[in-house]
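*Asks:* Chains as they are written, first to last, in our numbering: chain Y, 1 to 284; chain D, 285 to 571. Here it is: the structure, laid out below.
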Amino acid sequence: MGFQLARSDNKSEFVSNLNKETANHIGAQKLSKVFLGGGGENVLALSDVNLVIEEGTFVSLIGPSGCGKSTLLRILGGLDTPSTGQVFGCSDVITSSGRPLKSAFLFQEYGLFPWLSAIDNVAFGLKMAKVPKAERIERSRAWLSRVGLSGFEKTYPEQLSGGMRQRLSLARAFVTEPDVVFMDEPLGAVDPQTRLLLQEDLIRLWEETRKTVLLVTHSLDEALLLGDRVVVMTARPGRIKLDLKVDLPRPRNVAITSEVGFSELRTMLWDNLRDEVEQSLEFS
Amino acid sequence: MATTPMAAVDENGQSETGAVVAEAISKLRRKERVRRRMDLVLSVGTPIVLIILWQVSADAHFIDPRIFTPPTQIIRAARQLISKGILQKDIGFTLARLLVGYVIGVISGVIVGLILGLVRPLRSAFSPLFAALYAVPQIALLPLLLVIFGIGETPKILTVVAVTFFVLEINALAAVRNFDPRLIESGKAFGAHKFKLFRHVILPGSLPSIFTGLRVSIALGLVVITATEFVASNNGLGFLVWNSWQLFQPDQMYVGLVTIALVGVILTGIIVLIERLSLPWLVRRKR
Ligand SMILES: Nc1ncnc2c1ncn2[C@@H]1O[C@H](COP(=O)(O)OP(=O)(O)OP(=O)(O)O)[C@@H](O)[C@H]1O
Ligand SMILES: [Mg+2]
């Protein structure tokens, strides 16, 4: 769908094929990943995955539990390496201004540092990038207020509610002005009502900034509501089963989930996903 | 207020609800205040009652006052020791040995523990060895140290170094080994690699465990230096206690024991205070 992958076994050829289209895409080709299990039992988490994420697109990734979604996201984000195949991640893409793409992450368990106050958590990435202190504080403060956490600058993450922590990690990811944002079930741990609100926040934020986003989620509604594309993975070993273009108009909001076009897409997604989920349950 | 039905609160509107909540809060506060006062009374009162019991039963010869010197006599002995300058000097000797050994042990233990936690080959080489050595009571090293270094300050300080080193090494190592992998990943994801990862993620995240080691090892260090001074010293609080026993002066012995206990309490208190100040996030979570 959308982008056709050139088949090749050689990284530079793959890279130059990507570059021909436009510069700032990221992707993977013939990617597989094996984990060495504790009891001598190896796990093939990903097998022959081909995926390209174009600049400025929001891609939702969905699939049964344990199919390798997080693994794929971590490899594309440069937090892990593939066993075989090629990856064209953020550090491989040089933008027109001559620097590699900047990435940021949102994790399900937030990954906030308990020893840092809210504002220091937000400023962490900037500090690592050696942004001067005054600017760091100013930008972090601005993002805290943008996610509705003004007044909580000095609060520690443990003292915040789940929803507040997630908004804090949202601020932490966006304050660095990344080119690509990797989100691994960012709203998985918050209650359903808060989740609806945060989804609207995410839509608004994305429509304002138009970053490249890869979102892993278990919610069909969330995948369709947020994504320009929804990529469905098979049960383990994970492969790409379906790459669905979501032609819903923007700006979007949570109300569209009750429209006819939306339910048709959801039905189609579920038809594809159902077998995989059943299969993944049989194995475990 | 427990009898007020929920519906009534709703019908009476917000201001009423606010009043109910305020009353509930002040009730909770009052309860908490009473509890705290009770804690304080019990923690201060119990020792006082015991001391009075001791005094009374010694005066009445329920217990042998020659062995269980009554508190008034202990205070008299303490005054004498202080006026002769002996007690201050002994405190000074013991504190100096303890603190020099403690600081050396802490610094080396933390550094070695962190390095072993981070570098796998070194860990494989040394971690089992250190675990085995830790199982040997450090005070048992004293004769060997005396053979090597002769009777001077070095062997005394080294027993404290040994006990402190192992406690800190083990705690720092455990902190790194058990580190939450999600936080490491989070650090890497936001640009902290290698030394930065250590400095800004692993080190601050290991501090709680290191502080536990600091608290445990100051008490152990005091035990070890006291025992060392029993046998290999002619000054210090341990010597005061041992010598008083040999001269059969139980009143002075009690002065020594009480002083050692006070030194332990004060040093531990100082470390707890430093911990509270440097780890505000942890203190707040405990509540
Ligand atoms: N570090 C690791 N060591 C060993 N096996 C691993 C490791 N990480 C992941 N796996 C295995 O790889 C497979 C894919 O894991 P992954 O976390 O990518 O799945 P997922 O699709 O994100 O699942 P979920 O939806 O439950 O989050 C699983 O079988 C998992 O057990
Ligand atoms: Mg996952």
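Even for Gly, the Cβ is constructed at its ideal location relative to N, Cα and C.
#1: Between which two residues does the beta strand (DSSP E) containing residue 42 of chain Y stretch?
#2: To test your reading of the DSSP string, which unbroken alpha helix (DSSP H) runs of 4 or more residues are found completely within the stretch 160-186 of chain Y?
#3: Please list, in chain order, the chain Y residues whose beta carbon lies closer than 8 Å to that of residue 466 of chain D.
#4: Select from Y/32, Y/44, Y/65 and Y/190 the residue whose C-alpha is nearest the C-alpha of residue 50 of chain Y.
#5: What does residue 490 of chain D reach in chain Y if we use C-beta pairs closer than 7 Å?
#6: Which value, in whole angstroms, describes the spacing of the CA atoms of residue 459 of chain D and residue 539 of chain D?
#7: Identify whether residue 363 of chain D lies in helix, strand or coil by the three-state DSSP scheme.
#8: Contact check, residue 212 of chain Y vs residue 53 of chain Y under 8 Å by CB: the rounded distance?
#9: Closest by CA to residue 509 of chain D, which one among D/559, D/382 and D/544?
#10: As a quick exercise: from Y/239, Y/249, Y/264 and Y/187, pick the residue whose alpha carbon is nearest that of residue 64 of chain Y.
#11: Any C-beta of chain D sitting closer than 7 Å to the C-beta of residue 125 of chain Y?
#12: Report yes if the CB atom of residue 504 of chain D is closer than 7 Å to the CB atom of residue 447 of chain D, and no otherwise.
#13: State the CB to CB distance for the pair residue 111 of chain Y and residue 470 of chain D, rounded to an integer number of angstroms; the pair is presumed to be in contact (CB under 8 Å).
#14: For residue 475 of chain D and chain Y, any beta-carbon pair shorter than 7 Å?
#15: Which value, in whole angstroms, describes the spacing of the CA atoms of residue 407 of chain D and residue 262 of chain Y?
#16: Taking C-beta pairs closer than 7 Å, name the residues in chain Y that residue 493 of chain D reaches, listed in chain order.
#17: For residue 562 of chain D, would you say it is in contact with chain Y, using Cβ-to-Cβ distances shorter than 7 Å as the test?
#18: Return no unless some Cβ of chain D is closer than 7 Å to the Cβ of residue 100 of chain Y.
#19: Flag residue 470 of chain D as yes when its Cβ comes closer than 6 Å to any non-hydrogen atom of ligand 2, and as no otherwise.
#20: Let me have the residue list for ligand 1: C-beta closer than 5 Å to any non-hydrogen atom, ordered along the chain.
#21: Restricting to Cα atoms, I'd like to know which of Y/37, Y/55 and Y/59 is closest to residue 288 of chain Y.
#22: Cβ of residue 128 of chain Y less than 7 Å from any chain D Cβ?
#23: Indicate whether at least one CB of chain D lies closer than 7 Å to the CB of residue 279 of chain Y.
#24: So residue 244 of chain Y and residue 269 of chain Y are supposed to be a Cβ contact under 8 Å. How far apart are they, rounded?
#25: Applying a beta-carbon distance threshold of less than 7 Å, which residues of chain D neighbour residue 114 of chain Y?
#26: Indicate whether the contact test is met: 3 or more Cβ pairs, each with one atom in the stretch 166-182 of chain Y and one in the stretch 98-118 of chain Y, closer than 8 Å.
*Replies:* In terms of the structure at hand:
#1: 42-53
#2: 162-174
#3: Within chain Y, 107, 109 and 111 have C-beta atoms less than 8 Å from the C-beta of residue 466 of chain D, given in sequence order.
#4: Y/32
#5: Residues of chain Y passing the Cβ test: none, with the nearest at roughly 10 Å.
#6: Going by C-alpha positions, residue 459 of chain D is about 40 Å away from residue 539 of chain D.
#7: In this structure, residue 363 of chain D counts as helix in the three-state DSSP scheme.
#8: 6 Å
#9: D/382
#10: Y/239
#11: yes
#12: yes
#13: 3 Å
#14: yes
#15: Going by the C-alpha atoms only, they are around 56 Å apart.
#16: Those within 7 Å of residue 493 of chain D in chain Y number zero; the least Cβ separation is about 13 Å.
#17: Not closer than 7 Å to any Cβ of chain Y, the Cβ of residue 562 of chain D fails to qualify, so no.
#18: no
#19: no
#20: Y/35, Y/43, Y/45, Y/65, Y/66, Y/67, Y/68, Y/69, Y/70 and Y/71
#21: Past the boundaries of the shown model lies residue 288 of chain Y; chain Y is included only from 1 to 284, so the question cannot be answered.
#22: yes
#23: By this cut-off, residue 279 of chain Y is not an interface position.
#24: 7 Å
#25: 565
#26: yes
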